[in-house]
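Below: one structure, written as structure tokens.
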Amino acid sequence: ENIKETRYSRNPRISRVLTEFGWVRELNEGVNRIYQEMADFFLDEPVYTESNENVRLVLTNNILMRRRRQELHTIDHVGAPAWDGLDHIQQQLLTYIINHGPARRSELSAYTKRSSGTILKRLNTLIDMELVKANGGKYDPNRTYEAILPKGNL
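Following the numbering used here, the numbering of the sequence shown begins with 119 at its first residue and continues without gaps.
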């Protein structure tokens, strides 16, 4: 049986009481949440195995696959032609901003391990390409950069 689809409680009375008190909304709620949150973070699906009276859950964090999925998500966001026109640093910046939300230049510098000046040049190019917008004044140390949604995603 598939634990993701099956709704089963070993003790229906406890399950009913938990539901009545509002502590649990539905059976297997946690299972669905695990699948959803792992997908949201670009991780592999969890693996459940049942033996005797035990359930084993394996959660994997394959960093290479997660980075690749984040990159594919970014390509879907900006389109392959625009992505192909970017250099490696610009691709890193855009991937970070799209997957983590608005970011300061210091965060982006730490993420890419590049100087603040290099990051600023690449960000200005992304702004000119209308892929990123800046929030805050030009000399504001807390200035953030965020992705511009394509017109189809509004």
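All residues carry an ideal CB built from backbone N, CA and C; glycine is no exception.
Given the structure is predicted, the values throughout are model-derived calculations rather than measurements.
Taking only three categories from DSSP, how would you classify residue i?
{"i": "lysine 231", "result": "coil"}
{"i": "lysine 256", "result": "coil"}
{"i": "glutamate 264", "result": "strand"}
{"i": "threonine 178", "result": "coil"}
{"i": "glutamate 168", "result": "strand"}
{"i": "glutamate 119", "result": "In this prediction, glutamate 119 scores a pLDDT of 47, lower than 50, which makes its location untrustworthy; the coordinate-derived value is nonetheless stated afterwards. DSSP places glutamate 119 in coil when its eight states are reduced to three."}
{"i": "glycine 148", "result": "helix"}
{"i": "aspartate 104", "result": "Nothing about residue 104 can be read from this structure; the chain reaches only from 119 to 272."}
{"i": "leucine 212", "result": "helix"}
{"i": "asparagine 129", "result": "coil"}
{"i": "leucine 238", "result": "helix"}
{"i": "leucine 331", "result": "No information on residue 331 is available, as it lies outside the stretch 119 to 272 that the chain covers here."}
Residues in the same chain with beta-carbon distance under 8 Å from residue i, minus the five sequence neighbours each way, listed in chain order, please.
{"i": "leucine 249", "result": "Val196, Ala200, Leu212, Ala265 and Ile266"}
{"i": "leucine 272", "result": "Any reading at leucine 272 must be qualified, since the residue scores a pLDDT of 41, below 50, and its modelled position is unreliable; the value itself is stated next. Once the five neighbours on either side are set aside, leucine 272 has no close Cβ partner at all."}
{"i": "threonine 262", "result": "Pro220, Ala221, Arg222, Ala252, Asn253 and Gly254"}
{"i": "methionine 156", "result": "Asp162, Glu163, Pro164 and Leu177"}
{"i": "arginine 187", "result": "Phe160"}
Taking residue i and residue j to be in contact with their CB atoms under 8 Å, please state how far apart those CB atoms are, rounded to whole angstroms.
{"i": "serine 234", "j": "arginine 222", "result": "Actually they do not touch by this definition, with Cβ atoms about 10 Å apart."}
{"i": "valine 176", "j": "proline 164", "result": "7 Å"}
{"i": "histidine 191", "j": "isoleucine 216", "result": "7 Å"}
{"i": "threonine 89", "j": "isoleucine 237", "result": "A question about residue 89 goes unanswered here, because the residues of the chain that appear run from 119 up to 272."}
With a threshold of 6 Å on Cβ separation, who are the neighbours of residue i within its own chain once the five nearest residues in sequence on each side are excluded?
{"i": "glutamate 189", "result": "Thr213"}
{"i": "serine 227", "result": "Ser234 and Ile237"}
Kindly list the residues whose CB is nearer than 7 Å to the CB of residue i, restricted to its own chain and excluding five residues on each side of it in sequence; keep chain order.
{"i": "arginine 240", "result": "Ile207, Gln208 and Leu211"}
{"i": "asparagine 180", "result": "Asp162"}
{"i": "phenylalanine 139", "result": "none"}
Based on Cα-Cα distance, which residue from the options lies nearest to residue i?
{"i": "arginine 184", "options": "Glu138, Phe159, Thr243 and Leu204", "result": "Phe159"}
{"i": "asparagine 150", "options": "Phe139, Val135 and Tyr166", "result": "Tyr166"}
{"i": "proline 259", "options": "Gly203, Glu225, Arg187 and Leu182", "result": "Glu225"}
{"i": "tyrosine 153", "options": "Asn129, Pro130, Leu136 and Thr178", "result": "Thr178"}
{"i": "aspartate 246", "options": "Leu204, Tyr257 and His218", "result": "Leu204"}
Return the bridge partner residues of residue i from the DSSP annotation.
{"i": "lysine 251", "result": "Glu264"}
{"i": "alanine 221", "result": "Tyr263"}
{"i": "valine 135", "result": "Answer is none; valine 135 lacks a bridge partner."}
{"i": "valine 173", "result": "Glu168"}
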